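Notes for the one structure printed next.
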Amino acid sequence: MSNVPADLRYARSHEWVREQPDGTVEVGISDHAQHALGDLVFVEVPVVGRALQAGIRCLCSGGGQRDRGE
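Residue numbers (our numbering): 195 to 264.
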């Protein structure tokens with residue numbers, strides 16, 4: 195069984211956020227997404243202080259597929 199911390203809020207697309215005590219958020223991706231995406235090559239994040247809205251894309255990332263020996 196997987197360990198899912200109670201303080202993570204997930205999107206259907208496998209990203210999660212965790213609110214920090216200072217009001218900022220930590221962003222990550224699920225274990226499933228990590229295995230599916232392979233190596234993470236880049237991440238573009240919003241400018242510090244930018245107001246965000248639910249449902250509006252604010253993060254861009256890209257990766258390469260892992261060589262799975264297939």
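We put the beta carbon where it would ideally sit given N, CA and C, even for glycine.
Treat the numbers as computed from the prediction; the structure is a model and nothing was measured.
CA-to-CA distance, I223 to V211, given in whole angstroms: Counted from its first residue, the sequence shown places residue 211 at position 17. Counted from its first residue, the sequence shown places residue 223 at position 29. Taking the straight line from one Cα to the other gives about 9 Å.
Can you tell me the Cα-Cα spacing of A230 and G217, whole angstroms? Position 36 of the sequence shown holds residue 230. Position 23 of the sequence shown holds residue 217. The straight-line gap from Cα to Cα measures roughly 30 Å.
Can you tell me whether DSSP reads L234 as helix, strand or coil? Position 40 of the sequence shown, counted from the start, is the residue given in the question as residue 234. In this structure, L234 counts as strand in the three-state DSSP scheme.
Close beta carbons around R244, own chain, < 8 Å, minus the five adjacent residues each side: Here residue 244 corresponds to residue number 50 of the sequence shown, with the count starting at 1. Cβ within range, chain order: C252.
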